[in-house]
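Going by the numbering used here, the first residue of the sequence shown is number -6, and it counts up by one from there. Notes follow the structure.
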Amino acid sequence: MLDTQTGNWSHAFARRARNRGGDELNAILAGSPPGVLSMMGGFPNPRTFPTDALDEILMRLLRDEPGAALQYTACEGIPSVREYLSDRQEQLQGRRPESPELIVTSGGMEGITLACQSMIDAGDTIVVEAPTYLGALMAFAGVEADVEGIPMDADGLQVEVLEQRLAAGTRPKFLYVIPEYQNPTGRTLTLARRQALVDLCRRKGVLVVEDVAYRELAYDGTTLPSLWSLAPDVVVQLGTFSKIFCPGVRLGWAVGPREVIAEMAAAKQNTDQCAGALGQRLVEEYGRAGHFERQIPATRALYASHWRATERALERHMPPGCRWSEPTGGFFTWLTLPEQIDTIEIRPAATAAGVAYVAGLPFYLGDQGRNELRMSFSNLAEPDLEVAVERLAGVVRERSP
Ligand SMILES: Cc1ncc(COP(=O)(O)O)c(C=O)c1O
-6 MLDTQTGNWS HAFARRARNR GGDELNAILA GSPPGVLSMM GGFPNPRTFP
44 TDALDEILMR LLRDEPGAAL QYTACEGIPS VREYLSDRQE QLQGRRPESP
94 ELIVTSGGME GITLACQSMI DAGDTIVVEA PTYLGALMAF AGVEADVEGI
144 PMDADGLQVE VLEQRLAAGT RPKFLYVIPE YQNPTGRTLT LARRQALVDL
194 CRRKGVLVVE DVAYRELAYD GTTLPSLWSL APDVVVQLGT FSKIFCPGVR
244 LGWAVGPREV IAEMAAAKQN TDQCAGALGQ RLVEEYGRAG HFERQIPATR
294 ALYASHWRAT ERALERHMPP GCRWSEPTGG FFTWLTLPEQ IDTIEIRPAA
344 TAAGVAYVAG LPFYLGDQGR NELRMSFSNL AEPDLEVAVE RLAGVVRERS
394 P
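Okay, structure coming up:
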């Protein structure tokens, strides 16, 4: 019942609603005040949005097939779109999923939700990289999972630490990992560790959930084998078109062992039932016309140039005692400031100086990351990147030893 005195409905909320703690994510999605240069969100640069090609494709779909493109679809996705996605996996990752091994999703975040809905009961353990993607941590909290972090270094997840934890009795339902240009650190799991990780998980019967949101955004165009291509028997891969196409079309895929995919498809019946048909057909038509092959190299070059501008600015302006990761693709670098600087505490000063970032703490599970922060260089124009870094460096310098 509504508390009519206060208009308060909080007694009606589910227990898991208290676990969300999404202030940081809300701040990212809300954007920064005017005059503040935002290095917050993992937002693709609008210059990469393929408006011209989409204009033509969209008009054609609406004219020629409104009965399909604007209709509900099968939960697993439109057959021709599934075929296209299978072709693409084969072309880019060297393995073609069989039909029951693939579903179309409404983006990467939905893939994470489906993995949770189909595999996680309250109190189950999920193992993650520490730090990891905020959206995933929130989804895991939302299903009341116990989340355990495994430390990373410059080569990605420390597989030997995972091995020790498993030997000590950790029994995860799955391991969630972002092997390329990780969110938030920008780091990439090396080939040797990929092999060691899938070997370990296969031996121990641990399912790996691989999130490849940034995989196609290598600055030099080279990519390591995906975990799914190395071990399709123990890996579910979650992909998205948000970073290489546009997040305004919510579209992605999940490929993996057929029983797991079948459960995820069943869970999708309880979320949105099917990914939007219009978005599915847009991506298929765009891809079949060869646009990804033309556009992705330009997209990579843009982000490579943004990273170089950011790196130059960091080298020029940051005071001694600051370190940062050196991404070889994607949107992010991870800054470590001198130990006594708390990146949540200095945020008002940074905002006043006209720059915004995401503080390190919420990407971890415990009290780590207080002197760390994520800097996203995807969305600002290059001259603004230099100004943003200079502004932040000014705030850091005032507090440096
Ligand atoms: C690692 C990672 N996974 C998934 C997503 C969500 O992708 P989507 O827009 O497809 O839901 C993001 C977006 O920032 C991300 O960084």
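C-beta: ideal position from N, C-alpha, C; glycine also.
Exercise. Return the residue from the list 260, 322, 262 and 281 that minimises the CA-CA distance to residue 290.
Key: As a working mapping, residue 290 is identified with position 297 in the sequence shown. From the listed residues 260, 322, 262 and 281, the smallest Cα separation to residue 290 is found for 322.
Self-check item: Beta carbon shell of ligand 1 at less than 6 Å from a heavy atom
Solution: Cβ-based neighbours of ligand 1 within the cut-off: 35, 100, 101, 102, 126, 128, 171, 176, 204, 206, 233, 235, 240 and 245.
Practice problem: Tell me whether residue 3 is buried or exposed, calling it buried when 16 or more other Cβ atoms sit within 10 Å of its Cβ. | Solution: Walking along the sequence shown from the start, residue 3 turns up at place 10. Note on residue 3: under 16 other CB atoms within 10 angstroms of its CB, so exposed under the neighbour-count rule.
Quiz prompt | Cutoff 6 Å; reference residue 339; Cβ partners in own chain excluding five residues on either side | solution = Within the sequence shown, the letter at position 346 stands for residue 339. In the same chain as residue 339, and ignoring 5 residues on each side of it, the C-beta atoms closer than 6 Å to its own belong to 388, in chain order.
Quiz item: Quick one, are the C-beta atoms of residue 97 and residue 74 less than 8 Å apart?
Solution: As a working mapping, residue 97 is identified with position 104 in the sequence shown. As a working mapping, residue 74 is identified with position 81 in the sequence shown. Between residue 97 and residue 74, the CB-CB gap stays under 8 Å.
Quiz item: For residue 5, which of helix, strand or coil comes out of DSSP?
Solution: What you label residue 5 is simply residue 12 of the sequence shown in a count that begins at 1. Residue state, collapsed to three classes: helix.
Exercise. Please report the residue range of the beta strand (DSSP E) in which residue 123 lies.
Key: Taking the first residue of the sequence shown as position 1, residue 123 is located at position 130. It spans 118 to 123 - the beta strand (DSSP E) in which residue 123 sits, taken as one unbroken run.
Quiz prompt | Chain-order list of residues whose beta-carbon lies under 6 Å from that of residue 208 (same chain, five-residue window excluded) | solution = Residue 208 sits at position 215 when you count from the first residue of the sequence shown. These residues qualify, in order along the chain: 173.
Quiz item: Do the CB positions of residue 398 and residue 274 come within less than 8 Å of each other?
Solution: Examination of residue 398 is not possible in this model, given that the chain is present from -6 through 394 alone.
Quiz item: Assuming residue 222 contacts residue 86 under a Cβ cut-off of 8 Å, what Cβ separation, rounded to an integer in Å, is found between them?
Solution: Start at 1 with the first residue of the sequence shown, and residue 222 comes out as number 229. Start at 1 with the first residue of the sequence shown, and residue 86 comes out as number 93. So it is a contact: roughly 4 Å between Cβ atoms.
Exercise. On a CA-only basis, which of 113, 142, 53 and 266 is nearest residue 360? Give me that one, please.
Key: Sequence index remark: in the sequence shown, residue 360 carries index 367 (1-based). The candidate whose alpha carbon is nearest that of residue 360 is 142.
Quiz item: Does the distance from the CB of residue 124 to the CB of residue 325 come in under 8 Å?
Solution: For the purposes of this step, residue 124 is taken as residue 131 along the sequence shown, with counting starting at 1. For the purposes of this step, residue 325 is taken as residue 332 along the sequence shown, with counting starting at 1. Going by C-beta atoms, residue 124 is not nearer than 8 Å to residue 325.
Quiz item: Does DSSP put residue 168 in a helix, in a strand, or in coil?
Solution: As a working note, residue 168 is residue 175 in the sequence shown. The answer is strand: DSSP assigns residue 168 an E or B state.
Quiz item: When the Cα of residue 417 is compared with those of 128, 347 and 337, which residue comes out closest?
Solution: There is simply no residue 417 to check, as the chain begins at -6 and stops at 394 in what is shown.
Quiz item: Between residue 94 and residue 204, what straight-line distance do the alpha-carbon atoms span, to the nearest angstrom?
Solution: Along the sequence shown, read from residue 1 onward, the residue named residue 94 stands at position 101. Along the sequence shown, read from residue 1 onward, the residue named residue 204 stands at position 211. Rounded to whole angstroms, residue 94 to residue 204 spans 16 Å at the Cα level.
Quiz item: Can you list, in chain order, the residues of its chain whose CB lies under 7 Å from that of residue 81, leaving out five sequence neighbours each side?
Solution: By one-based count along the sequence shown, residue 81 stands at place 88. Same-chain partners within the cutoff: 280.
Quiz item: Leaving out the 5 sequence neighbours to the left and right, which residues in its chain are closer than 7 Å to residue 89 when beta-carbon positions are compared?
Solution: For the purposes of this step, residue 89 is identified with residue 96 of the sequence shown, where counting begins at 1. So the list reads 79, 82 and 83, once near-sequence residues are dropped.
Exercise. For residue 367, count neighbouring Cβ atoms within 10 angstroms of its own Cβ and tell me buried if that reaches 16, exposed if not.
Key: On the sequence shown, residue 367 is found 374 positions in, with the first residue counted as 1. If you draw a 10 Å sphere on the C-beta of residue 367, you find 16 or more other C-beta atoms in it, and that means buried.
Quiz item: On the three-state DSSP scale, how would you describe residue 281?
Solution: Residue mapping note: residue 281 aligns to position 288 of the sequence shown, counting from 1. In the structure shown, residue 281 adopts helical secondary structure according to DSSP, grouped into three states.
Quiz item: Between the beta-carbon of residue 378 and the beta-carbon of residue 40, is there less than 8 Å?
Solution: Residue mapping note: residue 378 aligns to position 385 of the sequence shown, counting from 1. Residue mapping note: residue 40 aligns to position 47 of the sequence shown, counting from 1. In this structure, residue 40 does not lie closer than 8 Å to residue 378 by Cβ.
Quiz item: On the premise that residue 26 lies in contact with residue 371, defined as a C-beta separation below 8 Å, what is that separation, rounded to the nearest angstrom?
Solution: The count along the sequence shown starts at 1 and reaches residue 371 at position 378. The count along the sequence shown starts at 1 and reaches residue 26 at position 33. That belief does not hold up - the Cβ atoms of residue 371 and residue 26 are roughly 20 Å apart, past 8 Å.
Practice problem: Please confirm whether residue 156 and residue 210 have their CB atoms less than 8 Å apart. | Solution: Looking up residue 156 in the sequence shown gives position 163. Looking up residue 210 in the sequence shown gives position 217. No; because the gap between Cβ atoms is not below 8 Å, this pair is not in contact.
Self-check item: Inter-residue CB distance, residue 113 and residue 128 (contact presumed, cutoff 8 Å)
Solution: The count along the sequence shown starts at 1 and reaches residue 113 at position 120. The count along the sequence shown starts at 1 and reaches residue 128 at position 135. Not a contact, Cβ separation roughly 15 Å.
Practice problem: Ignore the nearest five residues each way along the sequence and tell me which others in residue 236's own chain have a CB closer than 7 Å to its CB. | Solution: In the sequence shown, residue 236 corresponds to position 243, counting from 1. Contacts found: 37, 206, 207 and 210.
Quiz prompt | From 310, 308, 238 and 267, residue whose alpha carbon lies closest to that of residue 276 | solution = Here residue 276 refers to the residue found at position 283 of the sequence shown. Cα-wise, what sits closest to residue 276 is 238.
Quiz prompt | Secondary structure of residue 356, DSSP reduced to three states | solution = Here residue 356 corresponds to residue number 363 of the sequence shown, with the count starting at 1. It is helical.
Practice problem: Mind listing, in chain order, the continuous beta strand (DSSP E) runs of no fewer than 3 residues lying wholly within the stretch 165 to 230? | Solution: Taking only runs of at least 3 residues, the beta strand (DSSP E) segments lying wholly in the stretch 165 to 230 are 165 to 170 and 200 to 204.
Quiz prompt | Residue range of the unbroken beta strand (DSSP E) whose run includes residue 96 | solution = Your numbering for residue 96 matches position 103 in the sequence shown. Where residue 96 is concerned, the enclosing beta strand (DSSP E) starts and stops at 95 to 98.
Practice problem: Output the boundary residues of the alpha helix (DSSP H) element that contains residue 50. | Solution: Mapped onto the sequence shown, residue 50 falls at position 57. From DSSP, the alpha helix (DSSP H) with residue 50 extends over 44 to 57.
Quiz item: Looking at residue 391 and residue 310, is the spacing between their C-beta atoms short of 8 Å?
Solution: Along the sequence shown, one-based indexing puts residue 310 at 317. Along the sequence shown, one-based indexing puts residue 391 at 398. In this structure, residue 310 sits away from residue 391, with a CB-CB distance that is not shorter than 8 Å.
Exercise. Could you give the DSSP three-state label for residue 72: helix, strand or coil?
Key: As a working mapping, residue 72 is identified with position 79 in the sequence shown. Note: residue 72 maps to helix in three-state DSSP.
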